[in-house]
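Participant: For the record, the sequence lines run as chains A and B.
If you're matching positions, the first sequence starts at 0 in numbering that gives the first Met the number 0 and goes up one per residue.
If you're matching positions, the second sequence starts at 0 in numbering that gives the first Met the number 0 and goes up one per residue.
Sending over a structure as structure tokens; questions will come in a sec.
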Amino acid sequence: MSPKPMSVKELEQMAVIIRCDIIDMICTAAAGHPGGSLSAADVVTALYFRVMRIDPKNPGWPDRDRFILSKGHACPVWYAALAERGYFDKSHLKTLRRMGSILQGHPDMRKTPGIDMTAGSLGHGLPAGLGMALSGKLQQKDYHVFVVIGDGESQEGSIWEASMAAPRFKLDNLTAILDYNHLQNDDSVDDIMPIHPAVDKWQAFGWHVIDIDGHNMAQVVAALEEAKSHQGTPTMIVANTVKGKGVSYMENVCEWHGKAPCQEEADQALEELRRCVT
Amino acid sequence: MTINHYHYLRPEIVPMLASDDLFAKAEQQPTRYSYAEAILELGEKNSKVVVLDADVSKSIKTSAFADKFPDRSFNFGVAEQNMMAAAAGMATTGLIPFATTYAVFASMRALDMVRNSIHYPQLNVKIAASHGGITPGPDGVTHQGQEDLSIIRAIANSTIIAPADPPTTKLAVWAAAEYVGPVYLSFTRDPVPAIFDLNYPFKIGKAVTIRDGNDATIIALRDLVVQSLVAAEHLSAKGLNVRVIDCHTLKPLDVETVLAAAVETGAIVTAENNMFYGGLGSAVAEVLVENNPIPMKRIGVRDTFAESGPYLDLLDKYGLSAKHIAAAVEEVIARKKNTKKRIA
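Structure (structure tokens):
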């Protein structure tokens, strides 16, 4: 079913490959959201190559762990992980956002193997994941549901409706990961509508909260594995991240939220990223 | 009139249609309660059925389901967006969630979830919306779902059912559970007479001719079906023979039955307790204008908000009651005759 779970070192290398895929596909599509894809890359890599119980050959397996990228605009990271994990051929990555592609501009569960929930309108994924977790409890299945949410996304009221409900329903089979990169479409989250203090907020709502460096693979893996075994309450992993992580000119630059690199910029990005693994 | 002009009506209802005391005499209940009864029975038969509430389970009486099946009942509190998206998530695992709230909240507060997380992925969620139309009389405008049918109709692949009375509401709920995909079900807050029984041939997408006639056709849904029957009965005293169609499924519209009525009766009135933009009147008008543009008139809420008041008085004041439907029928029949004269 699954190959051997990757070591932290191997995961770090895979995260670089996934970041390169992200740059490649957004450059080819000439549109997309690189910043938030790169910031979530380490978490998504750890989930797909180590933590989640999945079978790429059987994406609809009822007992699989579920993943939802609630911040659906960052789907290049999801598509890259699914392709590298073998859900579909990597050649599809070049078709991102094209007519007839299985890879829509925002995730479509009916078009892409391995996409567990359609996403794009913000504030849906956490409630949808909550529904999956409720089903798991009701049907006595032991799958776990992982949902990555954005910090800008956390300005949506429905995130807080779900944040109230998950501890109420004792959903310890639900883990949310906050991709806390501090930037949103218009400007910095702190300037527009701060969600600080995130740790305190989710703790006050009754979540088990783990505060980590979202780019430290050892911490990411440890937090996800702790979340998976934690009992009694849902877990929120506050992953402190850098928007555009791994590409010098994109890091912490708001404009790269939703802008594609040109070929020259992409080449520079790929060179920088590959330098990390060699 | 003889009973042979009617189909599927309870025999005791027919003589009441011509009298003024139908609502005093007939067995009746709000169709939200019929939904609650139907879901309770369904819960016994189908363990995949779960009920999601948003703090109106006592009003709709889905609290009975919660009492009987506590494990399969989830109250989300006053959080309709969370409820709808969670229903979508539950549906991905094979459960059949009935997300239950009032029409205004189902179709507007949570519309983004209803569109993007339920209809776009075509998940098997049933949206059970009470308080449809201006029927939540005493509650006033904030609780009167007069736009939901129009709004949900604009969503791709939506299926909308607005049953006329208590028994057909139960049939609609059971049919919706069998159907795979999103279904929007519309119920009344206020009591409506039981005009049919459980032998009614309910099929999603198939409108039912419940009264024969060739002078004109009234196509109605939900609580205006009974008003249309009363209108037709009154018109028969004037020698007019009016067909009545229960168009319980607003979408997909039964185009075949609409066009047959157009050919056979030559004039159509639509009747809905809903905004007269985008709902049944619009749906029928769209079909007629592209195929057979005969005289037509729409009965519906005419671009206004209503107010608090008793159910029947509100229908009357806002132009939705039997007398308004009857006047509209006379108007389209007159136009039909004038058209014929012009052509001749």
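Virtual Cβ for every residue (Gly too), placed ideally from N, Cα, C.
Note that this is a predicted model, so its numbers are computed, not measured.
Find the residues of chain A that neighbour Ile104(B), judging by a C-beta separation of less than 8 Å, and give them in chain order.
Facilitator: According to the sequence as given, residue 104(B) is Phe; it is not Ile. By Cβ distance, chain A contributes nothing, its closest Cβ being about 13 Å from Phe104(B), past 8 Å.
Participant: Against Pro120(B), what residues of chain A qualify as contacts under a CB-to-CB distance less than 7 Å, listed in chain order?
Facilitator: Under the 7 Å cutoff, chain A gives Met108, Arg109, Thr117.
Participant: For Ser157(B), decide whether its Cβ has a neighbour in chain A, counting only Cβ atoms nearer than 9 Å.
Facilitator: no
Participant: Strictly below 9 Å CB to CB, what residues from chain B border Gln138(A)?
Facilitator: Listed along chain B, the residues sitting closer than 9 Å to Gln138(A) by beta-carbon distance are Thr92, Gly93, Leu94.
Participant: Would you list the one or two residues that DSSP bridges to Thr91(B)?
Facilitator: Bridge partners of Thr91(B): none, in fact.
Participant: According to DSSP, is Gln28(B) part of a helix, a strand, or is it coil?
Facilitator: strand
Participant: With distances taken between CB atoms, is the gap from Ile194(B) to Arg9(B) smaller than 9 Å?
Facilitator: With a cutoff of 9 Å on beta-carbon distance, Ile194(B) and Arg9(B) are scored as near each other.
Participant: Can you pull the chain A neighbours of Met89(B), defined as C-beta to C-beta under 8 Å?
Facilitator: Gly130, Met131, Leu133, Ser134
Participant: Going by C-alpha to C-alpha distance, which of Ala102(B), Asn45(B), Asn156(B), Asn273(B) sits closest to His142(B)?
Facilitator: Ala102(B)
Participant: Are the C-beta of Met163(A) and some C-beta of chain B separated by less than 9 Å?
Facilitator: yes
Participant: Whole-angstrom Cβ separation of Pro165(B) and Thr30(B), contact assumed at under 8 Å?
Facilitator: Thr30(B) and Pro165(B) do touch by the CB rule: their CB atoms are close to 6 Å apart, below 8 Å.
Participant: Anything in chain D within Cβ reach of Gln80(B), meaning under 8 Å, just list it in chain order.
Facilitator: The structure shown contains no chain D; its protein chains are A and B.
Participant: Residues in its own chain within less than 8 Å of Asn213(B) by CB, not counting five upstream and five downstream?
Facilitator: Counting only Cβ-Cβ distances below 8 Å, and skipping sequence neighbours, we find Asn240, Arg242, Glu263, Thr264.
Participant: Quick check for students: name the residue ranges of the beta strand (DSSP E) that lie wholly in the region 189-265 of chain B, counting only runs of 3 or more.
Facilitator: 190-192, 207-210, 215-219, 241-245, 248-250
Participant: Taking one C-beta from the region 245-256 of chain A and one from the region 163-183 of chain A each time, how about it: are there three or more such pairs within less than 8 Å?
Facilitator: yes
Participant: Can you pull the chain A residues whose beta carbon is under 9 Å from the beta carbon of Arg71(B), in chain order?
Facilitator: Those within 9 Å of Arg71(B) in chain A are Leu137.
Participant: From Ala78(B) to Gln154(A), what does the alpha carbon distance come to, in whole angstroms?
Facilitator: 16 Å
Participant: Pick helix, strand or coil for Met116(A), following the three-state DSSP scheme.
Facilitator: coil
Participant: Quick check: the region 100-108 of chain A against the region 136-154 of chain A, are there 3 or more CB pairs under 8 Å?
Facilitator: The region 100-108 of chain A is not in contact with the region 136-154 of chain A.
Participant: Please state the DSSP three-state secondary structure of His4(B).
Facilitator: helix
Participant: Threshold first: 4 residues or longer. Then list the alpha helix (DSSP H) segments lying entirely within the region 177-250 of chain A, N to C.
Facilitator: For the region 177-250 of chain A, whole alpha helix (DSSP H) runs of length 4 or above, ordered along the chain, are 188-191, 197-203, 216-228.
Participant: Does the region 175-190 of chain B touch the region 124-143 of chain B, meaning 3 or more C-beta pairs lie closer than 8 Å?
Facilitator: yes
Participant: On the criterion of 16 or more Cβ atoms from any shown chain inside 10 Å, does Ser227(B) qualify as buried, or is it exposed?
Facilitator: buried
Participant: Is the Cβ-Cβ distance between Phe48(A) and Arg96(A) less than 9 Å?
Facilitator: Result no, Cβ atoms of Phe48(A) and Arg96(A) do not sit closer than 9 Å.
Participant: Can you tell me whether Ser320(B) is buried or exposed, with buried defined as 16 or more other CB within 10 angstroms of its CB?
Facilitator: buried
Participant: With 16 other CB atoms within 10 Å as the buried threshold, where does Val288(B) fall?
Facilitator: By the neighbour-count rule (16 or more Cβ atoms within 10 Å), Val288(B) is not buried but exposed.
Participant: Any beta carbon of chain A sitting closer than 9 Å to that of Asn240(B)?
Facilitator: no
Participant: Classify Asn45(B) as helix, strand or coil using the three-state DSSP reduction.
Facilitator: Looking at Asn45(B) - three-state DSSP - the assignment turns out to be coil, as it is neither helix nor strand.
Participant: Ends of the alpha helix (DSSP H) at Ile15(A)?
Facilitator: It should be pointed out that residue 15(A) corresponds to Val in this sequence rather than to Ile. Element bounds for Val15(A): 7-28.
Participant: Measure the C-alpha to C-alpha separation of Leu46(A) and Gly113(A) and round it to an integer number of angstroms.
Facilitator: 13 Å
Participant: Rounded to the nearest angstrom, what separates Val328(B) and Met295(B) at their Cα positions?
Facilitator: The alpha-carbon separation between Val328(B) and Met295(B) amounts to approximately 9 Å.
Participant: For Ser116(B), which residues in chain A fall below 7 Å Cβ to Cβ?
Facilitator: Thr117, His123, Ala127
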